[in-house]
Each structure stands twice: as structure tokens, then as C-alpha cells.
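Trainee:
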Amino acid sequence: MIRTEIKQINDCTVVRCLTSKLNDEYAIQEWGDELMQAAKSPGKAFVVDFNQVMFMSSSALRVLITLQKTLALQDVPLLLCGLNDSILDIFKITNLDSIFKIRKGTEEAIRSLPYLE
Amino acid sequence: MSQPAQNKLKSAAEWRCEFSASNQTDARERIAEQLAQQMLLLGWTEKDVFDVQLAFEEALTNAVVHGNQSDPAKAVHLQCSASAEEICVWMRDEGAGFNPENVPDPCHPDNLYTPSGRGIMLIRHFMDKVEFAPSGNGVTMTKYRKA
């Protein structure tokens, strides 16, 4: 099971992932279902904070891509933050850093949203 | 059915393990976590451990989910060895096999939004030598210590 904390901040959905390893296929599928449920009422933006996450397999990337596509249909931006260097490498190796908005932390992610300007 | 891990510490500088698992949790707990501990004892860096763990997880997912189609009656067979110079992981599933050359390039712009297909690319990136069995249902992955 992947533990998450979901909050609404400044009309954004902010999901903090509290499990350190995202590597179990079935737990990741359940986590994906939880994110997709939250994406039904996302607010003006959707932020996923990986500050507590030390390890991520490509199964988690699959969930994030599906989430990105779902939110794009609602014209809601998805921002990822708190990625450690090793996980950030995975995004760069797979070129996924070109399709995701990646920020250092949750506050920076929320501050970067155009509707707050 | 899971079998007990057969761990053999041949010497202080070498570790070997063989195990057959029907699910990811068994394989992870009996092999991957021990392999990570042994790598650290043998002086490998945290980054090296991350690289090998990622390749292990990707190969394991391919074996259990794609190879064995998540059939609990089928097993994944694993062998690992660790020394100060190299790490070797051998894995075989009981599925029909696949041709890794037929997996589309996930970095191609047309495939960036395709949810799956990145595991093999990550294995090849993080390990130094990757050989797929001609039968298509096995892989041998090796990482060498950088000088």
C-alpha cells in the first residue's frame, strides 16, 4: 500500500506521497486509482509531492502519464515536486522531463501557477 | 510456491543467492533487499545500489506481469551474485517470451505519452551488460565496478 495525504491548498489538489519506495506493481495500481479519483475534482492545478520518496520504478511513471492525460482533458496542469536526484534522472533518461512540469517543492510549484500571478 | 532462499556466503568478498518466487513481494524481500545490503557491505555506492535495484524491479515486473501474466501458478527463477567487482542478476519467467527489439523506443516523441515500455530502456541504462535469452523469457544483467 502506498500512503498518501491529499489536501486542497489555494484551490489546488496537493498529493503528498508518504511511502519511500514506489516499486510494487499492485500497490502502484491502487495508488493510481486513488490519484485518478482525486483528479475528478482537481481544482485549478494538481501537485504531486515526492519529497518522501527515495525509489520509483517505471510503473509509477505509467500512473503519472495517465494522470497527466486525464488532467490535460480538463485543462488542469499537473506539477511534480520533491524528486531526488536519482528519480529526476529517470525522468531525464526517458525524456519525460519534457512533458512534465517539475518543481523543487510544493510551495514553488503552487507559486509558479499562472492563475496566482 | 515460494522456496526458501539458498544464500551462500562463499567468502567475505562474494555473495550468491538462488530463489524461485511466484510474486514480486517474495522476490523483493528474499533477493533484492539482501542484494542491496550485500552491495553496501562490499563497498558499492548508494547510487550503484539504486541502479541495480531499479534494474531488478523493472526485470521483475516484466517477468511477473508481462511474462507470467500475473499467474500465481507460475514462478520467476532468480540467481544473483555480488562481489566487489561486479553484480550479476539472472532472471527467467515461465511465460511465452518476447522479442525486446520489438519494444518501441519510449523516447520517440510519438511514444512519450504511451504509459508503458520504459522498463527495458531503464535496465539497459543502469546496467553495463544486458543479455536477453533467445527464448525471450530470461535476462542476465551485469554491473561492473567503476575504476
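Listed in order, the protein sequences are those of chains A and F. Using our numbering, the first residue of the first sequence is number 24, and each one after it goes up by one. Using our numbering, the first residue of the second sequence is number 598, and each one after it goes up by one. Beta carbons are placed, not taken as given, at the ideal position from N, Cα and C, and that holds for glycine.
1) Please report the residue range of the beta strand (DSSP E) in which H674(F) lies.
2) Name the chain F residues whose beta carbon is nearer than 8 angstroms to that of R26(A)?
3) Return the chain-ordered list of same chain residues with a C-beta closer than 8 angstroms to the C-beta of L719(F), the five sequence neighbours on each side being excluded.
4) Tell me the residue span of the alpha helix (DSSP H) that contains G55(A).
5) Could one say the Cβ of L606(F) lies closer than 9 angstroms to chain A's Cβ atoms, at least one of them?
6) Measuring only between beta-carbons, confirm whether S121(A) sits less than 9 angstroms from chain F.
7) For S617(F), which three-state DSSP category applies?
8) Could you please give the first and the last residue of the uninterrupted beta strand (DSSP E) stretch that includes A68(A)?
9) What first and last residue would you give for the alpha helix (DSSP H) that runs through Q631(F)?
10) Tell me G735(F)'s beta-bridge partners as DSSP assigns them.
11) For N665(F), count the other beta carbons within 10 Å of its own beta carbon; 16 or more makes it buried, fewer makes it exposed. Which is it?
12) Would you kindly work out how many angstroms separate the C-alpha atoms of E615(F) and D623(F), rounded to a whole number?
13) Which whole-angstrom value describes the C-beta separation of L103(A) and V71(A), a residue pair presumed to lie in contact below a C-beta threshold of 8 angstroms?
14) Under the DSSP definition of a beta bridge, which residues are partnered with F78(A)?
15) For the pair the segment 76–87 of chain A and the segment 687–696 of chain F, tell me if three or more CB-CB distances fall below 8 angstroms.
16) Can a CB atom of chain F be found closer than 9 angstroms to the CB of N74(A)?
17) Excluding five sequence neighbours on each side, which residues of the same chain lie with their C-beta closer than 8 angstroms to the C-beta of L639(F)?
18) According to DSSP, is V700(F) part of a helix, a strand, or is it coil?
19) Do the segment 84–102 of chain A and the segment 119–131 of chain A make contact, defined as three or more Cβ pairs closer than 8 angstroms?
20) Give the interface partners of L84(A) over in chain F, defined as CB-CB distance under 7 angstroms, in chain order.
21) Going by C-alpha distance, which of D34(A), K44(A), K92(A) is nearest L58(A)?
22) Shortest alpha-carbon distance to I684(F) belongs to which of K743(F), N620(F), L709(F)?
23) Tell me, please, whether the CB atom of E626(F) is closer than 9 angstroms to any CB atom in chain A?
24) Less than 7 angstroms between C-beta atoms, sequence neighbours within five positions excluded: which residues of the same chain meet that for S667(F)?
25) Going by DSSP, which residues form a beta bridge with F661(F)?
26) Between T42(A) and chain F, is there a C-beta pair that is closer than 9 angstroms?
27) Can you check the segment 82–130 of chain A for any beta strand (DSSP E) of at least 3 residues that lies completely inside it and give the ranges in chain order?
Mentor: Judging by the given coordinates:
1) Its beta strand (DSSP E) spans residues 673–680.
2) Chain order gives no chain F residues near R26(A), where near means a beta carbon separation below 8 angstroms; the closest approach is about 17 angstroms.
3) Same-chain partners within the cutoff: L651, A652, E655.
4) Unbroken alpha helix (DSSP H) run through G55(A): 48–61.
5) Residue confidence is low: L606(F) scores 46 on pLDDT, short of 50, so the model does not pin down where it sits. Its coordinate-derived value is still stated next. Taking Cβ atoms only, chain A never reaches closer than 9 angstroms to L606(F), which makes this a no.
6) Yes, its Cβ sits closer than 9 angstroms to a Cβ of chain F.
7) If DSSP states are grouped into helix, strand and coil, S617(F) belongs with the strands.
8) First-last of the beta strand (DSSP E) with A68(A): 68–72.
9) It spans 630–638 - the alpha helix (DSSP H) in which Q631(F) sits, taken as one unbroken run.
10) Per DSSP, R689(F).
11) N665(F) comes out buried.
12) Their backbone Cα atoms lie some 12 angstroms apart in a straight line.
13) About 5 angstroms separates the CB atoms of L103(A) and V71(A); that is less than 8 angstroms, so the two are in contact.
14) Bridge pairing for F78(A): K44(A) [DSSP].
15) Taking 8 angstroms as the limit for Cβ pairs, the verdict is that the segment 687–696 of chain F does not touch the segment 76–87 of chain A.
16) Interface residue (Cβ-Cβ distance to chain F less than 9 angstroms): N74(A) is not classified as such.
17) Correct list, in chain order: A610, W612, A679, S680, A681.
18) When secondary structure is reduced to three states using DSSP, V700(F) falls in the coil class, being assigned neither helix nor strand.
19) For the pair of segments examined, the segment 84–102 of chain A was found to touch the segment 119–131 of chain A: the number of CB pairs separated by less than 8 angstroms reaches three.
20) Going along chain F in sequence order, the residues near L84(A) (Cβ under 7 angstroms) are R715.
21) Out of D34(A), K44(A), K92(A), K92(A) has the C-alpha closest to the C-alpha of L58(A).
22) For the residues K743(F), N620(F), L709(F), the minimum Cα distance to I684(F) belongs to K743(F).
23) Residue contact check for E626(F) against chain A: no CB pair falls below 9 angstroms.
24) Sequence-distant Cβ neighbours of S667(F) in its own chain, meaning closer than 7 angstroms and more than five residues away, are V661.
25) Contrary to the premise, residue 661(F) reads as Val rather than Phe in this sequence. None, per the DSSP bridge assignment.
26) Chain F, which has no Cβ nearer than 9 angstroms to the Cβ of T42(A), makes this no.
27) You should have 101–104, 124–126.
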